[in-house]
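Heads up: the sequence shown is residues 1 to 358, going by my numbering.
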Amino acid sequence: MKRRRMHVLVINTEKSWRGGERQTLYNIMGFLQAGLQVDLLCRKGCPLSQKARGLGITVHEIGGTLGGLRWLATNAAAYDLIQAQTAKAQTLAAMTKPFHGKPIVYTRRVDFVPRGRLTKIKYRSTDHVVAISNWVKTILENFGIPNITVISDVVVPRALDSGRAAEIVAKVDAKGKKIVATFAALEQHKDPLTMIEAVRGLSRLRDDFVFLHFGDGSLRNTVQQKIDEYRLNDVYHLMGFVSEVEDVFLLMDVFCMSSEEEGLGSSVLDAFAYKVPVVSTAAGGLAEIVAGRGLLCNIKDSGAMAECIDKVLEHPEEYRKTAERAYDYVVSAHSLESTTEQYLELFKGLADRERGRP
């Protein structure tokens with residue numbers, strides 16, 4: 001008898017489109033290619049909903065927490081397994097487990113330290129946790145969470161558009177300048193103020209570059225005030241949110257991350273995939289992926305970051321070789337196929353346990 005396809009419900013509760021939502025889409029793509037039947041539960045009108053519909057999958061939209069609880073309590077029993085891609089999604093799935101009774105897999109991408117008795121309760125209702133780095137796994141183990149598997153993020157390189165890259169960069173005066181950039185939300189855990197200090201330090205070493213900061217967030221006004229205070233407006237440019245920003249890798253000389261907390265740092269993996277040299281803090285999972293493949297600095301050490309960026313700009317051939325090593329690593333360790341295979345093995349084990357098989 002032909003075995004029925006596993007039917008998986010993926011849940012992502014974010015309204016925005018950031019690295020986690022892109023990884024959710026990649027996971028869905030991998031599951032579809034592997035022959036699973038996949039539905040998505042997400043926030044109404046979010047970018048992920050539109051992109052998932054483009055893959056031809058069934059999307060169920062909710063307006064908020066109460067809508068999510070109601071939908072799962074009523075409908076989730078029809079699935080073989082639930083994969084929660086955000087902390088709130090995990091909460092919704094765990095709270096409604098008495099109604100649906102299905103295995104829950106939670107993919108945790110952040111390295112915030114979990115706290116509280118209620119958090120322990122929802123983890124007890126979660127059958128398995130996927131950590132995207134050994135750093136995230138260690139944090140969870142210290143909190144007393146069992147059943148953790150490390151499955152890292154996916155990189156799916158695409159053909160980049162040089163014309164579009166030129167249009168984006170043309171918004172600032174970068175003619176004849178080297179381009180240093182970051183893709184990071186303007187939020188505290190990304191530590192944009194340390195990045196500003198690093199760029200200020202770099203501007204004292206050389207004047208042949210511009211810095212492009214792609215991303216937005218709650219610290220935008222604070223960041224802009226600091227740029228104004230340091231008179232860096234001709235150097236440090238807040239570019240805001242740009243769709244398919246990866247095109248800019250074509251023109252980039254150095255990619256930087258100044259995070260003080262980071263589960264992994266999927267933007268760094270993208271830089272590897274497009275062979276752009278990386279300078280990063282050693283925050284969380286960044287230390288795991290950048291060591292030996294880029295230059296690492298201590299968290300909040302803006303002086304070291306400025307010196308490292310200067311070193312890459314001064315010796316491009318040397319660090320182009322480092323970028324080649326990073327590329328070889330990312331295409332082998334972070335492919336869609338290898339990551340999907342790991343998820344499928346985990347899902348099969350949970351499904352067999354649900355059916356009572358050894």
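Think of the CB as a built atom: it goes at the ideal place given N, C-alpha and C, for glycine as much as any other residue.
Where residue i sits in the DSSP three-state scheme
i, result
"Phe209", "strand"
"Asn221", "helix"
"Gly144", "coil"
"Gln33", "helix"
"Glu21", "helix"
"Ile121", "helix"
"Glu61", "strand"
"Gly215", "strand"
"Asp310", "helix"
"Leu41", "strand"
"Ser280", "strand"
"Gln50", "helix"
"Gln85", "coil"
"Asn75", "helix"
"His189", "helix"
"Phe272", "helix"
"Ile179", "strand"
"His237", "strand"
"Val331", "helix"
"Val245", "helix"
C-beta atoms of residue i and residue j nearer than 8 angstroms
i, j, result
"Arg115", "Ala131", "no"
"Leu69", "Leu92", "yes"
"Gly263", "Ile289", "no"
"Leu232", "Asp310", "no"
"Arg18", "Ala185", "yes"
"Leu362", "Leu250", "Since the displayed the chain opens at 1 and closes at 358, residue 362 lies outside it and no answer follows."
"Val254", "Val180", "yes"
"Leu55", "Met29", "yes"
"Phe347", "Leu25", "no"
"Leu36", "Val155", "no"
"Lys177", "Val210", "yes"
"Val312", "Val279", "yes"
"Thr126", "Ala76", "no"
"Glu260", "His189", "yes"
Rounded Cβ spacing between residue i and residue j (contact assumed at less than 8 angstroms)
i, j, result
"Thr281", "Ser258", "6 angstroms"
"Leu41", "Leu9", "6 angstroms"
"Val169", "Ile148", "42 angstroms between Cβ atoms; not a contact."
"Phe99", "Ala78", "12 angstroms between Cβ atoms; not a contact."
"Ile151", "Gln342", "5 angstroms"
"Val235", "Val199", "6 angstroms"
"Ala34", "Pro157", "About 20 angstroms separates the two Cβ atoms, so there is no contact after all."
Residue i, buried or exposed, once every other Cβ within 10 Å from all chains shown has been counted against 16
i, result
"Lys137", "buried"
"Lys122", "buried"
"Cys162", "Note that residue 162 is Ser in the sequence shown, not Cys. Ser162 should be labelled exposed."
"Ser218", "exposed"
"Gln225", "exposed"
"Arg5", "exposed"
"Arg124", "exposed"
"His7", "exposed"
"Lys359", "It is not possible to answer for residue 359, since the shown part of the chain is limited to 1 through 358."
"Ala306", "buried"
"Thr340", "buried"
"Asn27", "buried"
"Gly215", "buried"
"Gly20", "buried"
"Glu197", "buried"
"Pro192", "buried"
"Ser243", "exposed"
Inter-residue spacing [alpha-carbon to alpha-carbon] between residue i and residue j
i, j, result
"Leu350", "Gly284", "29 angstroms"
"Asp153", "Phe183", "16 angstroms"
"Pro358", "Gln90", "For Pro358, the predicted model reports a pLDDT of 49, less than 50, meaning its position is unreliable and no value from the coordinates is stated."
"Glu345", "Asp352", "11 angstroms"
"Ser133", "Ala84", "17 angstroms"
"Asn12", "Lys51", "13 angstroms"
"Glu61", "Gly45", "8 angstroms"
"Asp173", "Leu238", "13 angstroms"
"Arg135", "Ile299", "Per the sequence shown, residue 135 should be read as Trp rather than Arg. Rounded to the nearest angstrom, the two C-alpha atoms are 15 angstroms apart."
"Trp323", "Arg293", "Sequence inspection shows Ala at residue 323; the Trp mentioned does not correspond to that position. Approximately 7 angstroms, taken between the alpha carbons."
"Met195", "Ala333", "29 angstroms"
"Val276", "Tyr327", "9 angstroms"
"Thr86", "Lys15", "11 angstroms"
"Ala304", "Gly64", "43 angstroms"
"Asp207", "Phe112", "37 angstroms"
"Val245", "Ile227", "22 angstroms"
"Glu365", "Met252", "The displayed coordinates of the chain run from 1 to 358. Any statement about residue 365 would go beyond what the structure contains."
"Leu118", "Phe143", "13 angstroms"
"Asp39", "Leu336", "19 angstroms"
"Glu141", "Asn221", "37 angstroms"
"Glu317", "Arg325", "13 angstroms"
Interface flag, residue i vs chain C, CB-CB below 8 angstroms
i, result
"Arg108", "The structure shown has no chain C; it contains just one protein chain."
Residue i beta carbon near the ligand SAM (any heavy atom closer than 7 angstroms)
i, result
"Tyr343", "As presented, the structure is devoid of all ligands, the ligand SAM included, so that no description of it is given."
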